[in-house]
Amino acid sequence: MEQAVHLDGITKRFPGVVANDDVDLAVEKGTVHALLGENGAGKTTLMNVLYGLYQPTEGTVNVHGKTQQFDSPRDAIDEGVGMIHQHFMLVDPMTVTENITLGNEPRKWLGLTVDSEQSRKQVRELSERYGFDVDPDARIEDVGVGVQQRVEILKALYRGADVLILDEPTAVLTPQEVEDLFRVLDELTDQGKTIIFITHKLGEAMEAADEITVLREGKNVGTVPADDITREELAEMMVGREVLLDLDRDPAEPGRSILDVEDLVVEDDRGVRAVDGISLEVRAGEVLGIAGVDGNGQSELVEAITGLQMPDEGTITYDDVDRTTDSRRERIEAGLAYIPEDRQERGLVMDFELVENGLLGSQHAADYTSKGRIDWNYTRDHAEEIIEEYDVRPPDANAHAKSLSGGNQQKFVVGREFARDPRLVVASHPTRGVDVGSMEFIHDQINALREAGRAVLLISSNLDEVQSLSDRLAVVYEGEIVDIVDPERVTEEQLGLLMAGQQPDAVPTIAADGEGHR
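Sequential numbering from 337 applies to the sequence shown in my numbering.
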């Protein structure tokens, strides 16, 4: 078959880092090709080279049989290469048509004014040609993320893209929106377009792609047909060793209530209720999961529970003590550990060494002080224990946090919080940005906390993760809990509908005592 893209010997060096190391990649025209690997494996860097955001240190880029020198994304776009980034680049107050045609609008009156009617006509025809259900006159701020993603794809198609690069395209989509996206990709390839999508999700790569290329530590470790490999084999390619993907857990035996949240209201910076009357309970020896599309109040809920933001209404109780107005320090001392959603903003001081970051939140604890001063010998031993147990690389307590990859930063934060021996853990996206092997280890640690009688509140956009780890699963939509379901019995379709604010039939709900319903 004809090759749409051929990257030959691509090496990309940054100061002190080789992000891509002599990578070859061949993508056949009219196919979906998944680029799979852990964070830091070099996937996005390689695609940024193809898109002209970076120039390779060594190697050549070939598109449709022609060697290219892309000095900017404009050069790549001119040769039919488009990229849809993980964070959409749309102007919210503008319409779908205005976003798609921005900078390339058809004009009239000697080019002096935009031909708005012709713009709408072109967008409508383009949408119909590829089977997209998009209203050209809708404003971006009024449509969901699934539609916004289609607008991004249409924007690239409008500019003549034959090769589309999608960076983590399912990160903010419901299961139904993921299925819709995959149907869109099928329609695009049926019409001769070529798709490369970056992902770290094994199941999605196997479902959507024709071929899968795995990157590990900047190198291409193999390209395989998606129909001819198992999840376990792909995971081993990604990590370099055998990985146990399925967690073996005993049935939960929940004890007394550790966390009680009653009628919690948290307003965002605009005065809008991001959390709108949520009540929940987490008991000793159980994991309560929170599922939902990002931006439905999860962050504000977590910040209120952990003491980073004061709620506007409601109460938060730990161990039968009202902690609603307690400081972050008081909550840590009460036995609360917190793995933040954003490790760099909330979990680490990037200019601090690991030995200093290991102390954060414990600097007032007796173990870390001697005669009123910090005991740096004890503190260093503590940091080195985290580094060893959680395989943080480089294994250097003197390394600055900013010198570590995102995955290693995450492993250090998780290790520090679990080392507090907490009664309650609030884990917000605990495996975001870590490799499959580290994910396996962190899942085992969460399960060990549960079996030791600790309470865990788990927030994750990874449905596989939140379903496999949770004993009960609360679904949030627009700041409210719409249902609490049995994670073992609820279907992906039912979860997707709940996450979109709909109520499917016969949902297997579950109460705090573990009794199921419906």
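Beta carbons are placed, not taken as given, at the ideal position from N, Cα and C, and that holds for glycine. Quick caveat: nothing in here was measured; it's all calculated off a predicted structure.
- The three-state secondary structure of ARG592, taken from DSSP, is coil.
- A Cβ-Cβ contact shorter than 8 Å links THR506 with LEU517.
- Between the segment 570-586 and the segment 737-757, the count of Cβ pairs shorter than 8 Å is below three; the stretches do not touch.
- Residues of the same chain with a CB within less than 7 Å of the CB of SER764, apart from the 5 flanking positions on each side, are VAL638, ILE675, PRO676, GLU677 and ILE795 in chain order.
- Taking a C-beta distance under 8 Å as the contact criterion, GLY650 and VAL597 qualify as a contact pair.
- Here the C-alpha atom of ARG768 lies approximately 9 Å from the C-alpha atom of SER797.
- Relative to ILE722, the option among PHE406, GLU814 and PHE748 whose CA is nearest is PHE748.
- Between GLU547 and PRO590, the gap from beta carbon to beta carbon reaches 8 Å or more.
- The beta carbon of MET542 sits closer than 6 Å to the beta carbons of ALA562 from its chain, once the five residues preceding and following it are set aside; these are given in chain order.
- For the segment 342-374, not one full-length alpha helix (DSSP H) segment reaches 4 residues or more.
- Here the segment 492-505 makes contact with the segment 407-426; the two share three or more CB pairs at distances below 8 Å.
- Under the three-state reduction of DSSP, PHE748 is assigned to helix.
- Residue state for PHE688 is assigned as coil, using DSSP reduced to three classes.
- Per DSSP, VAL385 is one residue of the alpha helix (DSSP H) stretching across 379-386.
- Partner residues in the beta bridge of SER764, as assigned by DSSP, are ILE795.
- DSSP places PRO511 inside the alpha helix (DSSP H), whose first and last residues are 511-526.
- In this structure the segment 460-474 lies against the segment 484-491, because at least three pairs of beta carbons, one per stretch, are closer than 8 Å.
- Here VAL770 really is in contact with GLY743; their C-beta atoms are around 4 Å apart, less than 8 Å.
- Assigned with DSSP and collapsed to three states, ILE565 falls in coil, not helix or strand.
- Our two residues, ARG619 and THR347, have alpha carbons roughly 51 Å apart in a direct line.
- By the Cβ-count criterion, LYS444 is exposed, with fewer than 16 other Cβ atoms from all chains shown falling within 10 Å of its own Cβ.
- When only Cα atoms are considered, GLN485 and ILE614 end up about 30 Å apart.
- For HIS736, DSSP records a beta bridge to GLU689.
- Looking at the DSSP output, ALA627 shares a beta bridge with VAL811.
- The three-state reading of DSSP puts THR403 in strand, counting E and B together.
- Annotation: THR449 to THR845 spans about 57 Å, alpha carbon to alpha carbon.
- The closest CA to that of ALA610, considering only LEU595, GLU636 and ILE594, is found on GLU636.
- With contacts defined by Cβ atoms closer than 8 Å, ILE501 and ASN435 do not form a contacting pair.
- In this structure, the alpha-carbon of VAL762 lies about 49 Å from that of GLN404.
- The alpha helix (DSSP H) runs lying completely inside the segment 653-702 and spanning 4 residues or more are 664-669 and 690-693, given in chain order.
- Taking C-beta separations shorter than 8 Å and ignoring five residues to either side along the sequence, the partners of GLY345 in its chain run ASP358, VAL359, ASP360, GLU394, GLY395 and THR396, following chain order.
- In the DSSP assignment, ARG609 falls within the beta strand (DSSP E) that extends over 609-619.
- In the three-state reduction of the DSSP assignment, GLN339 falls in the strand class, which pools E and B.
- In the pairwise beta carbon analysis, the segment 377-396 is classified as touching the segment 550-557: at least three pairs are separated by under 8 Å.
- With contact defined as three or more Cβ pairs closer than 8 Å, the segment 645-662 and the segment 730-744 are not in contact.
- Closest in C-alpha terms to VAL417, from the list SER804, ASN398 and ASP428, comes ASN398.
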